[in-house]
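Some notes on the structure that comes next.
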Amino acid sequence: MGIGLTEEHVELAASVRGLAGRDRGHAALAGQGLLGLHLDEECGGQGYGLLELCVALEALAEQRVGGAYLPSVLTSAALAWAGGARPLIGDARVLISGLADGTLTAAVTLGPPTTQGVRALGTDGESSGPAPGAGGRGLLALGSMEADLFLVPVGGGAWAVLDRGDATAEPADGVDQDRPLCSVAARTVPAGRVLGDVPVRELAAVLLGADACGVAAWAVATAAGHARTREQFGRPIGQFQGVKHRVADALVALEQARAAVWDAARALDETRDPDHTPDGAPGDGTDGDAGDGTAGDAAGSGGSAGGGREDGLGGEARLAVAVAAVLAPDAAVRCAADAIQVLGGMGYTFEHDAHRYYRRALSDRMLAGDPGPWAEETARLAVAGVRRRMEPDLPEEAAALRDRVRAEAASLRAEEPAARRGRFAREGWLMPYLPRPWGRDASPLEQVIIHQEFRDLRRPNLGIAAWAIPSIVRYGTREQQERFLPGTFAGEIVWCQLFSEPGAGSDLAGLSTKAERVEGGWSLTGQKIWTSLAQYAHWGICLARTSPDRPKHDGISYFLVDMASPGVTVKPLKEINGDEIFNEVFLDAVFVPDDLVVGAVNDGWRVARDTLSHERVALGDSWGPGSRHQDMAALIARLPELRPAQRERAGRLWAEGQAVSALGLRVTLSQLSDAQPSGSRSSSAGSRGTASSVRKLLGMRHSQEISEFCWSLAPADPHWNRMILTTRAFTIGGGTTEVQLNIIAERALGLPRDP
1 MGIGLTEEHV
11 ELAASVRGLA
21 GRDRGHAALA
31 GQGLLGLHLD
41 EECGGQGYGL
51 LELCVALEAL
61 AEQRVGGAYL
71 PSVLTSAALA
81 WAGGARPLIG
91 DARVLISGLA
101 DGTLTAAVTL
111 GPPTTQGVRA
121 LGTDGESSGP
131 APGAGGRGLL
141 ALGSMEADLF
151 LVPVGGGAWA
161 VLDRGDATAE
171 PADGVDQDRP
181 LCSVAARTVP
191 AGRVLGDVPV
201 RELAAVLLGA
211 DACGVAAWAV
221 ATAAGHARTR
231 EQFGRPIGQF
241 QGVKHRVADA
251 LVALEQARAA
261 VWDAARALDE
271 TRDPDHTPDG
281 APGDGTDGDA
291 GDGTAGDAAG
301 SGGSAGGGRE
311 DGLGGEARLA
321 VAVAAVLAPD
331 AAVRCAADAI
341 QVLGGMGYTF
351 EHDAHRYYRR
361 ALSDRMLAGD
371 PGPWAEETAR
381 LAVAGVRRRM
391 EPDLPEEAAA
401 LRDRVRAEAA
411 SLRAEEPAAR
421 RGRFAREGWL
431 MPYLPRPWGR
441 DASPLEQVII
451 HQEFRDLRRP
461 NLGIAAWAIP
471 SIVRYGTREQ
481 QERFLPGTFA
491 GEIVWCQLFS
501 EPGAGSDLAG
511 LSTKAERVEG
521 GWSLTGQKIW
531 TSLAQYAHWG
541 ICLARTSPDR
551 PKHDGISYFL
561 VDMASPGVTV
571 KPLKEINGDE
581 IFNEVFLDAV
591 FVPDDLVVGA
601 VNDGWRVARD
611 TLSHERVALG
621 DSWGPGSRHQ
631 DMAALIARLP
641 ELRPAQRERA
651 GRLWAEGQAV
661 SALGLRVTLS
671 QLSDAQPSGS
681 RSSSAGSRGT
691 ASSVRKLLGM
701 RHSQEISEFC
711 WSLAPADPHW
721 NRMILTTRAF
731 TIGGGTTEVQ
741 LNIIAERALG
751 LPRDP
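The following block contains the structure:
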């Protein structure tokens, strides 16, 4: 999918890759306006934002463009940021314009600042203390010693832009062969060149994160391409599950990093535009604010949640940046290392480019800073109540839709709960994307607005019925719909899913339950297992084989089974947490009439796939911090001070979860964009499907990891005693981790299917 989602972003990335393939020189990049993408037009820029700059950086990194590009755009971004908070320093506009047109280049010191004081020269040129790097101890800088400008820290969070004559620079050894490093020591710091407290390290973390995404993208594509074509033991190595899963896991890490960097760039752009707010969506105390206003105020003002800094960066943006810094550099190192592993000996040769990307990934991680402190910062902000608002920006037509939906929500709010449930069902609010009369024919845009406005109305959870209803609407007869849907929406009919069998779990099409033709219908015989809530269900959706002589996917039909029928036996299974959610269901010559076959006979696999993979804008949990995030933060707030390793682990878990939320928002935005008749269309549905699969896989793992961590902090807490057991099922039910990795590898990366 890339960092960018819109058609314009996709085209920008393609254009940048094309240019870099022809001419990667600094002058060529300047000639195409790429040095000023993020700068105002009055300064010679293109008038876009940091998000567009990140899109370009990712594309350039895929082509291994190095040189002065990143330190130069980082320096101009810092100058522009300083100008947004206070009047530009003396000749800042000239400096920004020179960096934008390529006549000036810069180097940025991203090593730790010296513990000594800093000399700041007043207007009379008198010194007031030693300069950074005094005594021969320079600071490590990204960029050439021949750069025209040096961006250096000067203590107290302040930064300064020095001319070459105000600094001493010497070349420094670095692992990255495409981007020079140098050691910089300031001679003097003219007062007129001090920017004040500017979030340079945060800007650097996001831009380096975008670069890291480009490195990871090249690595994943290279590893997948090799795995598709390299043969060993008579078949492509991509068929071997060990290779397949390694490459798929690398793609998962890449997509998670992209989501985090995308969100961080958006957060910084929103900070630069103080008038930016979502289109009128109500807050709920979880998705964007702290609930009581205290942490929310800190998040918005750069107060306590920002550590007392005066750089204009609020807690919400600081949290998004920290998440990107935790995830993206590590993802690049992992993906590049995995590419070398998949390539084998070829990847370890100097002639192959793999080592160059690995070097770049290591350099990005070093320059962005140790992920550990970033993770601790993430944990600190999360426990303080800072939350990243995950609301989509909606088009202008959303306002009129919101007014109508808000009025309906107010009317429903005034009803008694029982009457409200009836209206939910009758008026199509439970599954609004369905066609009328069962839904509201809601477009993706309407679904988003309904989700936002109905947050506090607690619409009933339909359970398994939410999987069955769309298939009955799409493939069922009118009589079937009228018989089952009103009662299901009213909560009078409970459903179960009779799909899995002892010999057909992940390989569902291998089922053996048979359906034999009898007068007036079918006789079903077989065994189902892992059937959730079957002991409470009135009806079940059931797959059975009606033509055993056909290929296994073709001879299956989709039945509606009355769970009270003679021959149906339900035996609950006790799970490791003591619950009895799963069941065995035995079918012994169970009669199902012809009018309870959904779709055509022998076409049940098509209906089942619709049930299993029915796609919509999944609004209830698409974005915003999940309940387990909140539970973890609440637990930590109650405990004594954590050890550093525990704080780091908590921060990493929060970062991973926030990235999952960002992935959900990206999927929703893609669907919203694709639904527009014209304009900023997003990338392909295939890319959206990749993001959905990645999000599902990450979400399953993440729930387990949070439960394990929180239980380790509170092993006597009944809630976490239960959750550490309950979540073991999350990577099994609904498609195991291994099956999900196969799907990602085969559908997203084109690796060959298992024989």
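Read in the UniProt record's numbering, the sequence shown has 472 at position 472, and its numbers run on one by one without any break.
By construction, the Cβ of each residue, glycine as well, lies at the ideal position given by its N, Cα and C atoms.
Values in this document were obtained by computation on a predicted structure and should not be read as measured data.
Straight-line measurement puts the Cα of Val-601 at about 13 Å from the Cα of Pro-548. Val-206 and Val-321 do touch by the CB rule: their CB atoms are close to 6 Å apart, below 8 Å. Distances from the CA of Leu-19 to each of Glu-270, Glu-492, Gly-33 were compared; the closest alpha carbon is that of Gly-33. Here the alpha carbons of Glu-516 and Asp-595 stand approximately 15 Å from one another.
Here Phe-591 is bridged, per DSSP, to Ser-523.
The three-state reading of DSSP puts Gly-604 in helix, counting H, G and I together. Using a C-beta cut-off of 8 Å, the stretch 709 to 722 makes no contact with the stretch 251 to 267, since fewer than three inter-stretch Cβ pairs fall below that distance. Glu-52 is positioned such that its CB atom lies no closer than 7 Å to that of Leu-74. In the three-state reduction of the DSSP assignment, Gln-497 falls in the strand class. For Gly-567, the closest alpha carbon among the candidates Phe-586, Lys-574, Glu-580, Leu-560 is that of Phe-586.
For Lys-244, the three-state secondary structure derived from DSSP is helix.
Inside the stretch 352 to 434, DSSP marks no whole beta strand (DSSP E) run of 3 or more residues. Cβ contact annotation for Val-607 (same chain, cutoff 6 Å, sequence separation greater than five): Ser-471, Tyr-475, Tyr-558, Val-598, Gly-599, in chain order. Here Ala-169 is bridged, per DSSP, to Val-184. Taken atom to atom, the span from the alpha-carbon of Asp-456 to that of Ala-729 is near 29 Å. In the DSSP annotation of this structure, Arg-550 is not part of any alpha helix (DSSP H), being labelled neither H nor E.
In the three-state DSSP reduction, Thr-75 falls in the helix class (H, G or I).
The straight-line gap separating the alpha-carbon atoms of Val-189 and Asp-163 is approximately 9 Å. Exposure of Asn-461 is indicated by the presence of fewer than 16 other C-beta atoms within 10 angstroms of its C-beta. If you draw a straight line from the Cα of Glu-580 to the Cα of Gln-630, it comes to about 27 Å. Per DSSP, Leu-573 lies in no beta strand (DSSP E) segment and is marked neither H nor E. Thr-727 counts as buried, since at least 16 other C-beta atoms from the protein chains shown sit within 10 angstroms of its C-beta. The bridge partners DSSP lists for Trp-218 come to none. Only residues of its own chain outside the window of five on either side were considered, and among them Ala-425, Leu-430 have a CB closer than 7 Å to the CB of Phe-489, listed in chain order.
Scanning Ala-650, Val-200, Gly-225, Ala-250 for the CA closest to the CA of Ala-216 turns up Ala-250. In this chain, the beta strand (DSSP E) harbouring Ser-557 covers 556 to 562. Cβ contact annotation for Leu-208 (same chain, cutoff 6 Å, sequence separation greater than five): Asp-364, Leu-367, Ala-368, in chain order. Residue pairing from DSSP places Val-194 in a beta bridge opposite Ala-160. Residues of the same chain with a CB within less than 6 Å of the CB of Ile-706, apart from the 5 flanking positions on each side, are Arg-628, Met-632, Leu-653 in chain order. For Pro-153, no alpha helix (DSSP H) run applies; the uninterrupted beta strand (DSSP E) run containing it begins and ends at 149 to 153, by DSSP. Leaving aside the five residues that flank Arg-235 on each side, none in its chain has a CB nearer than 6 Å to its CB. The alpha carbon of Thr-103 has as its nearest neighbour, out of Ala-691, Gly-4, Trp-467, Ala-27, the alpha carbon of Ala-27. Rounded to whole angstroms, the Cβ separation of Ser-532 and Phe-454 is 26 Å, and the two are not in contact under 8 Å. According to the DSSP assignment, Ala-337 belongs to the alpha helix (DSSP H) that extends over 315 to 343.
When C-alpha distances from Val-252 are compared across Asn-742, Pro-752, Pro-755, Arg-753, the shortest belongs to Asn-742.
Taking the Cα of Ala-82 as reference, the smallest distance to any Cα among Gly-345, Ala-158, Gln-46, Ser-97 is reached at Ala-158.
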